[in-house]
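Colleague:
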Amino acid sequence: QVQLQESGPGLVKPSETLSLTCTVSGAPISSYYWSWIRQPAGKGLEWIGRVYTREGTNYNPSLKSRVTMSVDTSKNQFSLNLRSVTAADTAVYFCARGGGDTYFIDWGQGTLVTVSS
Amino acid sequence: QSALTQPPSASGSLRQSVTISCTGTSSDVGGYNYVSWYQQHPGKAPKLMIYEVSKRPSGVPDRFSGSKSGNTASLTVSGLQAEDEADYYCSSYAGSSRSVFGTGTKVSVL
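Chains A and B are the protein sequences, given in the same order.
Position 13 (the first sequence) corresponds to 13 in the numbering used here; numbering is contiguous.
Every position in the second sequence, counted from 1, becomes a number in the numbering used here once 1000 is added.
1) Can you give me the start and stop residues for the beta strand (DSSP E) that Tyr1038(B) sits inside?
2) So, at 8 Å on beta carbons, what are the nonlocal neighbours of Lys75(A) in its own chain, with the 5 sequence-adjacent residues on each side left out?
3) Classify Glu6(A): buried if its beta carbon has 16 or more other beta carbons within 10 angstroms, exposed otherwise.
4) For Ser117(A), which residues in the same chain have their Cβ closer than 8 Å to its Cβ, ignoring the five residues on either side in sequence?
5) DSSP three-state label for Gly1066(B), please.
6) According to the neighbour-count rule (16 or more other Cβ atoms, all chains shown, within 10 Å of its Cβ), is Val2(A) buried or exposed?
7) Against Arg1098(B), what residues of chain A qualify as contacts under a CB-to-CB distance less than 9 Å, listed in chain order?
8) In chain order, what residues of the stretch 1057–1085 of chain B put their CB closer than 7 Å to some CB of chain A?
9) Taking 8 Å as the threshold (C-beta atoms), are Gly44(A) and Tyr1034(B) in contact?
10) In chain order, what residues of the same chain have a beta carbon less than 6 Å from the beta carbon of Tyr59(A), not counting five sequence neighbours either side?
11) Is the stretch 1085–1100 of chain B close to the stretch 1037–1046 of chain B, with three or more CB pairs under 8 Å?
12) Classify Gln185(A) as buried or exposed, calling it buried when 16 or more other Cβ atoms lie within 10 Å of its own Cβ.
13) Looking at the unbroken beta strand (DSSP E) that takes in Tyr103(A), where does it start and where does it end?
14) Rounded to the nearest angstrom, how far is the Cβ of Ala87(A) from that of Val115(A), given a contact under 8 Å?
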C-alpha cells in the first residue's frame, strides 16, 4: 500500500518561499511520476506540477515562473518550492502519485498552508 | 491552460442515476483518451474513480462509469447511494506531461 505524507510550515509570509516535502512509503520514488496539487478553501483543484526522475519536471504554465520541484531518492521524498507567495497561494496542498503522467492514483491527506504576515 | 468546465451541482434520488459533464478543448479532453475522475468528501483527499476515460481502479463500484464524446467527457453514477454525495472533479492530460482539472461538481443525493 502506497502512502504519502506532506510536511512543511503551515504559515508563510508574503513574498517568501513556500516549501513542502512529500514522504513516500510503499513505492520507490524513482519509478513513478509525482505531482503537487492545491485547493484553496471552498474552491477546486489546481495541478501545480509533476516530477519524474527519468524525465525531469513539468509545471502548470500559470505557476511555472515561481515553482521548482525536486526528488530526493535517498529519502524517498519529493519537494515543492513556490517563490514570492501571496495570499492567493493560501490553500491545502496535496502530493500525489501518478498513473503514468495522466492521472493520480494515490494522494496524501493534504496540508494547509496559509500566506499571511 | 484553462480549467475544464463542469456544472456546479447535480442531484439524483436514491437508487437513481446522475451524469456529470466535463467540457474541455481539442488540446485536452478532445485530444487524448486520458480523462480521469475523482471523488472528494469534505475535508478528505480526492479519490480516483475513473481513469483513461472509462477504466475503473480496483475497489471502485461498477456503478461508476465514464465516457467521452469529442471535447466532453461524462461520469455517470448509477444506483445512487447516500455515500456518493460528494464533490467530483474531472482531469485531463493536456500534452507535454501537463494536467488540468475541472471546476468541480457537487453531487447531492435526494
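Every residue gets a Cβ at the ideal spot worked out from N, C-alpha and C, and that includes glycine.
Modeller: Here's the rundown:
1) The residue labelled residue 1038(B) in the question sits at position 38 within the second sequence. Here the beta strand (DSSP E) through Tyr1038(B) covers 1035–1040.
2) Position 75 of the first sequence, counting from 1, holds the residue named residue 75(A). Excluding residues within five positions, the ones whose Cβ falls inside 8 Å are Thr23.
3) Here residue 6(A) is taken as the residue at index 6 of the first sequence, counted from 1. Counting Cβ neighbours within 10 Å, Glu6(A) comes out buried, since at least 16 surround it.
4) Indexing the first sequence from 1 puts residue 117(A) at position 117. So the list reads Lys13, Pro14, once near-sequence residues are dropped.
5) The residue you call residue 1066(B) lines up with position 66 of the second sequence. Here Gly1066(B) sits in strand by DSSP.
6) As a first step, residue 2(A) is located in the first sequence; it is residue number 2 there, counting from the start. Counting Cβ neighbours within 10 Å, Val2(A) comes out exposed, since fewer than 16 surround it.
7) Stepping through the second sequence from its first residue, residue 1098(B) is reached at position 98. Near Arg1098(B) (Cβ distances below 9 Å), the residues of chain A are Trp47, Gly49, Arg50, Asn58, Tyr59, Asn60, Pro61, Asp101.
8) none
9) As a position in the second sequence, residue 1034(B) is number 34, starting the count at 1. As a position in the first sequence, residue 44(A) is number 44, starting the count at 1. The answer is no: Cβ separation not under 8 Å.
10) Looking up residue 59(A) in the first sequence gives position 59. Excluding sequence neighbours, Tyr59(A) sits near Gly49, Val67.
11) yes
12) There is simply no residue 185(A) to check, as chain A begins at 1 and stops at 117 in what is shown.
13) Counting from 1 along the first sequence, the entry for residue 103(A) is found at position 103. First-last of the beta strand (DSSP E) with Tyr103(A): 103–107.
14) Stepping through the first sequence from its first residue, residue 87(A) is reached at position 87. Stepping through the first sequence from its first residue, residue 115(A) is reached at position 115. Correct: roughly 5 Å between the Cβ atoms.
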